[in-house]
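Chemist: Below is one structure. I have some questions about it.
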Amino acid sequence: MAPLKLYHNYMSKRNHLIDVLRLLAACWVALMHFNQPVSVINNWYRNFISLGYLGVPVFFVISGYCVYLAAEHSKNAKDFIVRRFFRIFPPYWFSILIVGLAVTLSIILLGHNDVTVLPKTAAGIIETIALLVVPLTKIQVINWVYWTLVFEIFFYLIIWFSLLLSLRLRSFWLIIISILPLVMPVHEYWFFFFIKHWPEFCLGLIVYRVLHCPKTEIWQNAVLLLLTIWGLFTIPLLAYIPVTSIVIALLIVINHYSPLKKTSLSQWGDYSYSIYLIHVPIGVFILGSVKQISFVQTHLFVNLGWDLLLLAIIVVLSRVMYLFIELPAISMGKKITAGYSAKNTNPN
């Protein structure tokens with residue numbers, strides 16, 4: 228099936244608010260990273276984009292909502308995890324190739340790799356490909372944003388395991404995981420690293436459960452919500468992350484009762500993952516030298532104009548990546564799981 232036809236089929240039923248929020252969050256993170264390698268300047272624009280890290284809790288809350296939705300609509304645990312695999316890894320691997328392109332250009336133009344620290348051993352390469360990097364291990368990421376994908380993978384695994392349990396036990400499993408951030412130390416480089424951002428993900432999950440799941444689990448949802456809010460304000464996080472998470476959750480609730488209609492922004496929401504993956508290698512590693520020019524850094528509107536031009540380039544490239552990498556991968560995941568289902572139901 229042609230990429231554009233896949234796209235129109237995929238866009239038939241959308242939550243347009245979530246699409247807008249994902250796009251804005253990805254762009255905010257990108258603008259922050261464009262300016263991260265240069266000197267800090269005190270003006271309204273730099274001060275605003277310095278808060279771009281708040282795009283991460285936006286993604287985690289939305290992910291909790293959407294992943295639980297995907298789990299509820301999956302035929303079984305295998306169906307869920309296969310589709311999640313094809314949703315995350317093919318675009319991730321393609322973005323690694325773009326990092327490789329940035330390194331190659333640096334070597335050709337400068338005579339050495341001045342872009343990022345690459346893994347130096349076969350084990351390091353394999354671990355990078357498999358996303359076994361910081362904060363799960365001490366293998367450094369080659370793209371600044373990859374650490375969040377490691378959290379996503381573990382969130383997926385938690386939901387996948389819940390699908391292996393009976394319906395009665397799933398809520399108790401989620402409650403157990405939600406207790407962990409309150410009773411265990413929160414730090415990196417260990418198996419339970421994911422508890423640091425679990426409350427943000429779980430908040431989106433709770434919103435979906437409250438809005439769409441049977442009302443028979445009211446007390447379980449109430450316990451989950453209490454543990455999640457407690458975790459948000461107990462775990463040491465950067466400023467405004469708890470408040471941002473709650474605001475996003477409330478917006479999703481409001482949108483459930485008064486849905487946002489399709490807008491020009493919502494149509495671009497599907498490109499947010501590609502924007503997130505490629506903005507650093509293209510905007511910082513390949514084209515970042517422009518921001519090293521003092522005139523670009525110090526003049527507000529020149530800085531703003533270059534960043535918006537750079538962002539526009541990234542968005543256009545992300546559309547291409549979405550149509551030719553992400554959508555075919557999503558379609559492949561659906562075909563594979565459909566094949567599993569057909570095989571399992573075939574009486575012969």
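Throughout the sequence shown, residue numbering follows the numbering used here, covering 228 to 575 in sequence. Quick reminder that beta carbons are idealized off the backbone N, C-alpha and C, glycines included.
Helix, strand or coil, according to DSSP, for PRO284 in the structure here?
Modeler: Note: PRO284 maps to helix in three-state DSSP.
Chemist: Using 8 Å as the limit for Cβ to Cβ distance, is ASP341 near chain C?
Modeler: The chain inventory of the structure shown lacks chain C, comprising one protein chain alone.
Chemist: Flag THR355 as yes when its Cβ comes closer than 7 Å to any non-hydrogen atom of the ligand GDP, and as no otherwise.
Modeler: With respect to the ligand GDP, the structure shown offers nothing to examine, as it has no ligands at all.
Chemist: At the level of alpha carbons, what is the spacing between TYR295 and ILE502?
Modeler: Rounded to whole angstroms, TYR295 to ILE502 spans 23 Å at the Cα level.
Chemist: Is the separation between the beta-carbon of SER405 and that of TRP425 shorter than 8 Å?
Modeler: Closer than 8 Å, so yes.
Chemist: Using a threshold of 8 Å, state whether the C-beta atoms of THR471 and LEU281 are closer than that.
Modeler: Cβ atoms of THR471 and LEU281: closer than 8 Å.
Chemist: Can you tell which of LEU258, TYR292, LEU244 has the C-alpha that lies nearest to the C-alpha of LEU531?
Modeler: When only C-alpha atoms are compared, the closest one is LEU258.
Chemist: Considering only residues of the same chain and omitting the five flanking positions on each side of LYS347, which have a CB-CB separation below 7 Å?
Modeler: The answer is none, since no qualifying residue turns up.
Chemist: In terms of alpha-carbon separation, which member of ILE422, LEU550, PRO555, LEU392 lies closest to GLU495?
Modeler: The question names Glu, yet the displayed sequence has Trp at residue 495. Nearest of ILE422, LEU550, PRO555, LEU392 to TRP495, Cα basis: LEU550.
Chemist: Kindly indicate which three-state DSSP category PHE418 falls into: helix, strand or coil?
Modeler: Looking at PHE418 - three-state DSSP - the assignment turns out to be coil, as it is neither helix nor strand.
Chemist: State the CB to CB distance for the pair LEU518 and VAL326, rounded to an integer number of angstroms; the pair is presumed to be in contact (CB under 8 Å).
Modeler: Just to set this straight, residue 518 is Lys in the shown sequence, not Leu. Between VAL326 and LYS518 the Cβ distance is about 18 Å, and since that is not below 8 Å, they are no contact.
Chemist: Please list the terminal residues of the continuous alpha helix (DSSP H) segment that includes ASP534.
Modeler: Taken as a continuous stretch (DSSP letters only), the alpha helix (DSSP H) holding ASP534 covers 527 to 548.
Chemist: Which complete alpha helix (DSSP H) runs does the region 408 to 456 hold, if anything under 4 residues is left out?
Modeler: 425 to 439, all fully within the region 408 to 456.
Chemist: Out of GLY291, ALA539, ILE557, VAL360, which one is the CA nearest neighbour of PHE418?
Modeler: Per the Cα distances, VAL360.
Chemist: To the nearest angstrom, how far is the alpha carbon of ILE557 from that of HIS414?
Modeler: Each residue's alpha carbon lies about 33 Å from the other.
Chemist: Can you check the region 483 to 528 for any alpha helix (DSSP H) of at least 4 residues that lies completely inside it and give the ranges in chain order?
Modeler: Counting whole runs of 4 or more residues, the region 483 to 528 contains the alpha helix (DSSP H) stretches 499 to 507, 521 to 525.
Chemist: Using the Cα positions of GLY510 and ILE541, report the straight-line distance between them to the nearest angstrom.
Modeler: Roughly 7 Å between the two C-alpha positions.
Chemist: Given SER398, which residues of its chain have a CB within under 7 Å of its CB, disregarding the five upstream and five downstream residues?
Modeler: The answer, listed in chain order, is GLU444, GLN447.
Chemist: Can you confirm whether the region 313 to 327 touches the region 373 to 391 when touching is taken to mean that 3 or more C-beta pairs between the two stretches lie within less than 8 Å?
Modeler: Cβ pair count under 8 Å is three or more, so yes.
Chemist: Quick check on TYR467: does DSSP put it in helix, strand or coil?
Modeler: TYR467 falls in the coil class under three-state DSSP.
Chemist: Buried or exposed: where does VAL285 fall if 16 or more other Cβ atoms within 10 Å of its Cβ makes it buried?
Modeler: With 16 or more other Cβ atoms within 10 Å, it is buried.
Chemist: Can you check whether the CB of ALA476 is closer than 8 Å to the CB of GLY431?
Modeler: Yes, the Cβ-Cβ distance between GLY431 and ALA476 is below 8 Å.
Chemist: Which of helix, strand or coil does DSSP assign to ASN340?
Modeler: It is coil, neither helix nor strand.
Chemist: Return the first residue and the last residue of the alpha helix (DSSP H) that THR355 is part of.
Modeler: First-last of the alpha helix (DSSP H) with THR355: 349 to 356.
Chemist: Buried or exposed for PRO486, going by 16 or more other Cβ atoms inside 10 Å?
Modeler: PRO486 comes out exposed.
Chemist: Under 8 Å Cβ to Cβ from VAL460, same chain only, skipping five residues before and after it: list those, please.
Modeler: The question names Val, yet the displayed sequence has Phe at residue 460. Counting only Cβ-Cβ distances below 8 Å, and skipping sequence neighbours, we find PRO469.
Chemist: Is the separation between the beta-carbon of LEU363 and that of PHE420 shorter than 8 Å?
Modeler: Yes.
Chemist: How many whole angstroms separate the CB atoms of ALA297 and LEU391, which I take to be in contact at a CB cut-off of 8 Å?
Modeler: Not quite, the Cβ-Cβ distance comes to about 16 Å (not below 8 Å), so this is no contact.
Chemist: Given a cut-off of 8 Å, decide if THR564 and ASP306 are closer than it, judged by their beta-carbon atoms.
Modeler: Going by C-beta atoms, ASP306 is nearer than 8 Å to THR564.
Chemist: Going by alpha carbons, who is nearest to GLU427 out of PRO441, ARG310, PHE382, HIS300?
Modeler: Out of PRO441, ARG310, PHE382, HIS300, PHE382 has the C-alpha closest to the C-alpha of GLU427.
Chemist: Count the other CB atoms within 10 Å of the CB of SER521; is the residue buried (16 or more) or exposed (fewer)?
Modeler: Classification of SER521: exposed, given that the 10 Å Cβ count is below 16.
Chemist: Quick check on DSSP: helix, strand or coil for HIS243?
Modeler: Residue state, collapsed to three classes: helix.
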